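Enquirer: Below is a structure I'd like to ask you about.
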Ligand code: CMP
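Shown next as structure tokens:
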């Protein structure tokens, strides 16, 4: 099934100069980057992106991290794009992520884990709407 998802290179990925590497991995996987933008989030956007985590003990750390520098946001399209981007990203905690995945190869901690990729069709819809003004429903 062709679908679209939301992906973001976090500030630690930017500092480590990984944007080109991440773009190359996405394209080699046969996925298409439909739109891509370098930007600095403001607190409102960061808190909206991570609203499902509000109230959790790591929420503030997570928001502070994504506000600590520039990010690159991407709209990625292709067959099973949501799951495929999660597979390319690897487990949330880089210590548990397989080698060959973006987090497994480059991540340094659960907060500094290089990349964000929407975890469901629902979050992909919400996140694309926030950053690209895409409609929430797919299909
Ligand atoms: P991301 O894919 O951006 O989505 C939510 C983020 O919350 C996740 O990557 C991690 O960076 C962070 N996160 C999730 N669980 C924890 C945790 N237990 N402790 C700290 N940060 C976490």
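Numbering (the numbering used here), first residue to last: 74 to 212.
By construction, the Cβ of each residue, glycine as well, lies at the ideal position given by its N, Cα and C atoms.
All values reported here derive from a predicted model rather than from experimental measurement.
(1) I'd like the list of long-range same chain contacts for residue 190, defined as Cβ closer than 7 Å, with 5 residues on each side in sequence excluded.
(2) In terms of residue numbering, what span does the alpha helix (DSSP H) encompassing residue 79 cover?
(3) In chain order, what residues of the same chain lie with their CB nearer than 6 Å to the CB of residue 150, ignoring the 5 residues before and after it?
(4) With three or more beta-carbon pairs closer than 8 Å as the criterion, would you say the region 176 to 184 touches the region 122 to 130?
(5) Cβ atoms of residue 188 and residue 122: under 8 Å apart, would you say?
(6) Quick check: does the Cβ of residue 174 come within less than 7 Å of any heavy atom belonging to the ligand CMP?
(7) Regarding residue 135 and the ligand CMP, is the C-beta to nearest heavy atom distance less than 7 Å?
(8) Sort 155, 101, 175 by Cα distance to residue 164 and report the nearest one.
Expert: Reading from the atomic positions:
(1) 78, 80, 158, 159, 162
(2) No alpha helix (DSSP H) contains residue 79, which is instead part of the beta strand (DSSP E) from 75 to 82.
(3) 77, 105, 107
(4) No, they do not touch.
(5) no
(6) No; taking the cut-off as 7 Å, the Cβ of residue 174 has no heavy atom of the ligand CMP nearer than that.
(7) yes
(8) 175
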